[in-house]
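Undergrad: Under this note's numbering, think of the first position of the sequence shown as 42, with each following residue one higher.
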Amino acid sequence: MKNRRLAAALGAAVTAAMLACGTVIPMAEENAGEDGSYEMAYVLSVRDEFLRTLEDDVVAAAKDCGVGMITLYAGSDSQQLINCVQAANTMGKDAVIINLNAAEDAQACIEAAGDMKVVFINRVPADYELLSENAAAVASDEHTSGTYQGEFLAEYFKEKGQTEVNYVMLRGTGGLVHTDLRCEGPVKAMEEAGLTVNEVAVIDADYNREAAKEAMLEALPELGEYDCIISNNDAMAIGAIQAMQELGMDPSEKPIVGIDATVDGLEELKAGNMAMTVFQSHEGQAFGSVMAAINMLEGKELTDGTDYTVSEENPYVVYVPFIPVTPENADTFAQ
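1) Classify Y360 as helix, strand or coil using the three-state DSSP reduction.
2) Just to confirm my understanding: we take Q286, look at its own chain, exclude 5 residues before and 5 after, and list those with CB closer than 7 Å. What are they?
3) What first and last residue would you give for the alpha helix (DSSP H) that runs through F320?
4) Count the other C-beta atoms from every protein chain shown that fall within 10 angstroms of the C-beta of A327, then say buried if there are 16 or more, exposed otherwise.
5) When the Cα atoms are used, what is the spatial distance from P227 to Q190?
6) Give me the residue from M317, M277, P356, Y349 with the minimum Cα distance to V366.
7) In whole angstroms, what separates the C-alpha of G289 from that of Q283?
8) Excluding the 5 residues flanking V238 on each side, which residues of the same chain have their C-beta closer than 6 Å to its C-beta?
9) Whole-angstrom Cβ separation of L95 and N175, contact assumed at under 8 Å?
10) In its own chain, which residues sit with a C-beta less than 6 Å from the C-beta of V319, not counting the 5 before and 5 after it?
11) Less than 7 Å between C-beta atoms, sequence neighbours within five positions excluded: which residues of the same chain meet that for I279?
12) With H, G and I counted as helix, E and B as strand and the rest as coil, what does DSSP make of E70?
13) Would you give the residue range spanned by the alpha helix (DSSP H) that M277 belongs to?
14) Using 8 Å as the threshold, is the C-beta distance between L85 and T112 below it?
15) Do Y248 and D89 have their beta-carbon atoms positioned less than 8 Å apart in this structure?
16) Could you pull the DSSP bridge partners for I271 from this structure?
17) Under a Cβ-count criterion, where at least 16 other Cβ atoms within 10 Å of its own Cβ denotes burial, should A180 be classed as buried or exposed?
18) Identify, in the order they occur along the chain, each residue of the same chain with its Cβ nearer than 7 Å to the Cβ of P67, setting aside the five sequence neighbours on each side.
19) Express the C-alpha separation of L338 and M332 in angstroms, rounding to a whole number.
20) State the beta-bridge partners of E145 as determined by DSSP.
21) Tell me which residues share the same chain as F161 and place their Cβ nearer than 7 Å to its Cβ, disregarding the 5 neighbours each side in the sequence.
22) To the nearest whole angstrom, what separates the beta carbons of N273 and L172, a pair I think is in contact under 8 Å?
23) Whose C-alpha, out of D221, A195, A276, is nearest the C-alpha of A302?
24) Let's test the definition: count the other Cβ atoms within 10 Å of the Cβ of L51 and tell me whether it reaches 16, buried, or not, exposed.
25) Using the Cα positions of N355 and E255, report the straight-line distance between them to the nearest angstrom.
26) So which of A334, F374, D372 has the shortest CA-CA distance to V358?
27) For V99 and S322, which I take to be in contact (beta-carbon distance under 8 Å), what is that distance rounded to the nearest angstrom?
28) Measuring straight from C-alpha to C-alpha, what distance separates A252 and K341?
29) According to DSSP, which residues form a beta bridge with E240?
30) Residues in its own chain within less than 6 Å of V361 by CB, not counting five upstream and five downstream?
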C-alpha cells in the first residue's frame with residue numbers, strides 16, 4: 042500500500058508539473074530509451090521553420106543513441122520555459138536540452154534544472170560564465186554566419202565596381218545573442234572589405250516568414266534606394282521574396298541573403314530569387330547536444346564521439362560549423 046501511495050504521489054507531481062509547463066507532446070509519443078539508458082527532456086521555446094526540424098533531429102539523435110527523450114514546448118514564453126525545465130526535473134530526467142526563449146533566461150533554467158545536466162542548444166546564454174561541467178552549450182559560431190553573408194556581398198558588389206552599399210536588414214527576435222551577431226557580422230565584413238555601408242532600414246520580423254512578408258509589403262513602396270536585403274534567416278528572406286513578387290517586383294534584381302539553408306531556402310536559391318544562404322546543421326547540433334549530455338553524465342569530454350570542436354572562448358561551448366551556400370553548391374545541402 043505504501044508503494045502504491047508513493048507511486049500515486051509521484052504521478053500526481055509529474056502531472057502537475059506537466060500542466061504547469063504548458064503544451065507537452067503526449068507520453069505515447071515519448072522516445073523510449075533502451076533498458077538502463079539515460080532519460081532526457083528537450084525543452085523548446087518556439088517552432089519556427091528551422092527549429093521544428095531541429096526538434097525532430099533531437100528526438101532522432103536520442104533514439105540513435107539509445108536515450109529516452111520527451112519534448113516539452115514552452116510557446117515562446119520565458120516563464121513557461123522555466124516551468125518546463127522544472128517539470129523535467131520532477132519527472133526524474135537525467136539531463137535537459139534547452140532551446141532558450143531569451144538569452145537572459147539561462148540562469149533561471151540552470152537553477153530550475155536542479156541536479157540534471159543542462160545543454161543549451163542553438164541559442165546560447167549571453168554570459169558564458171554560467172556554463173560549467175554541469176551546463177554546456179551546443180550551437181554554431183554566430184560570429185561567422187553573418188560574416189559569410191557580408192563576404193559574399195562584398196565580392197558581389199566589388200565585381201560590379203560598386204564601393205558604396207545601401208542595405209535593408211530583416212532582424213530576428215530581440216534579446217537573443219545570435220540575432221545581434223547576425224546583424225553585426227554582414228556589416229562588419231563589408232566594411233572590412235573596403236565598402237562604405239549605409240543602413241536604409243532595419244525591419245523586425247521575429248524570424249517569421251509571414252511577419253517578414255507583411256512588414257515588407259508595407260515597407261517596400263516607401264524604402265527608396267537600396268542595394269541588397271540581408272536577412273537573419275531564410276524564413277524572413279522568403280517572406281521578403283513573396284512580398285516583392287506580390288508587388289510585381291523581381292527579387293533576383295538585388296541580392297537577398299539568408300541563413301539556415303532550409304529546404305524552402307534552397308529552393309529559392311536554385312530559382313534565383315535568393316543569392317546565398319548559410320548552412321546551419323540541425324542534425325549536427327542535435328547529435329552534438331545529445332552527445333554532450335551523455336558525456337557530461339559520464340564524465341567525458343563534451344565532444345567525445347563527435348568531430349566537433351569547443352570554443353576558444355569557453356571549453357563548455359561546442360561549435361558545429363556554418364558553411365556558406367550559393368547556387369553552385371546548393372545541391373550538396375539538399376535534404
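Idealized CB from N, CA, C, for every residue including glycine.
TA: In terms of the structure at hand:
1) strand
2) P292
3) Segment 318-320 is the beta strand (DSSP E) holding F320; no alpha helix (DSSP H) there.
4) buried
5) 6 Å
6) M317
7) 10 Å
8) V206, V228, M231, E232
9) With a Cβ gap of about 23 Å, L95 and N175 do not count as contacting.
10) S186, Y189, I300, F363, P365
11) R250, D305, G306, E309
12) Model confidence at E70 stands at a pLDDT of 43, short of 50, so the residue's coordinates are unreliable; what they give is reported in the following sentence. Helix at E70.
13) 275-287
14) yes
15) yes
16) M210, V298
17) buried
18) Interpretation of P67 is limited by its pLDDT of 35, a score under 50 that renders its predicted location unreliable; the figure taken from the coordinates is listed afterwards. Nothing listed; no residue qualifies.
19) 10 Å
20) For E145, which the question treats as bridged, DSSP gives no partner whatsoever.
21) I139, L141, A147, A178
22) With a Cβ gap of about 24 Å, N273 and L172 do not count as contacting.
23) A276
24) With a pLDDT of only 37 at L51, under the threshold of 50, the placement of this residue in the model should not be trusted; the figure read from the coordinates follows. Exposed, since its Cβ has fewer than 16 Cβ neighbours within 10 Å.
25) 40 Å
26) A334
27) Actually they do not touch by this definition, with Cβ atoms about 13 Å apart.
28) 43 Å
29) Y208
30) S181, S322, G325, Q326, G329, Y349
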